[in-house]
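See structure below.
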Amino acid sequence: MKKYLQISAVLGVLGLLVFFKQNNGSATPVATASNLNTTTQPSTSNSQTQTSSNSSGNTSYKNGKYTGSVQDAYYGNVQVQAVISNGKLSDVSILQYPNDNSTSQMINSQAIPYLTQEALQAQNANISGVSGASATSPAFIASLTDALSQAK
């Protein structure tokens, strides 16, 4: 019965996180660092500043490895390391993530590769959260935002 309730809870969370259209017509997920009403470290607020400067494509990063701040993802911490080569984000390594229970392992085994891929494509931390990973997504984004701000 307990296992059934855990699965039901995960499916319920997945069902609640749906996409919606903003006034500008672009699809934006419900769970992003900028619109979640959660307590995060101050680096989350830097996401908007850094995103706007990187969205123009004119910003290049300093080569090196930059470790983002540790972010609370409710079931554990998330911390990423951004690797910059030739002025571009070339890799994102996950240093910490919630993985001490089977539910966290299941969610993060799917969410983290997706978040990493999105960040590499965007070349910044202005990425969508992953449905079903409502705690990991904003923590990943905030840690990556911090790492990339160091690379400027």
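Start counting the sequence shown at 6; every next residue gets the next number (the numbering used here). Glycine included, each C-beta is placed from N, C-alpha and C at the ideal position.
Residue i burial status per 10 Å Cβ neighbour count (16 or more: buried)
i, result
"Asp-151", "buried"
"Gly-69", "exposed"
"Gly-137", "buried"
"Ser-98", "exposed"
"Gln-76", "buried"
"Ser-90", "exposed"
"Gly-92", "exposed"
Selection from the options that minimises the alpha carbon distance to residue i
i, options, result
"Leu-100", "Gln-86, Leu-153, Ile-112, Ser-142", "Gln-86"
"Ser-105", "Ala-78, Pro-143, Lys-157, Ala-156", "Checking the sequence, you will find Asp at residue 105 rather than Ser. The candidate whose alpha carbon is nearest that of Asp-105 is Ala-78."
"Pro-118", "Ser-107, Thr-108, Gly-134", "Gly-134"
"Thr-108", "Asp-96, Thr-141, Ala-127", "Thr-141"
"Gly-73", "Lys-157, Leu-149, Gly-81", "Leu-149"
Reduced DSSP category for residue i - H, G, I as helix; E, B as strand; rest coil
i, result
"Ser-136", "coil"
"Leu-41", "Only weak support exists for where Leu-41 lies, its pLDDT of 31 falling under 50; the value from the coordinates is given anyway. Here Leu-41 sits in coil by DSSP."
"Ser-79", "For the sequence presented, residue 79 should be read as Tyr rather than Ser. Here Tyr-79 sits in coil by DSSP."
Pair within 9 angstroms by beta-carbon distance, residue i and residue j
i, j, result
"Leu-125", "Phe-145", "no"
"Ala-116", "Leu-153", "no"
"Tyr-88", "Tyr-102", "For the sequence presented, residue 88 should be read as Val rather than Tyr. Against a cut-off of 9 angstroms, the Cβ pair of Tyr-102 and Val-88 comes out as no contact."
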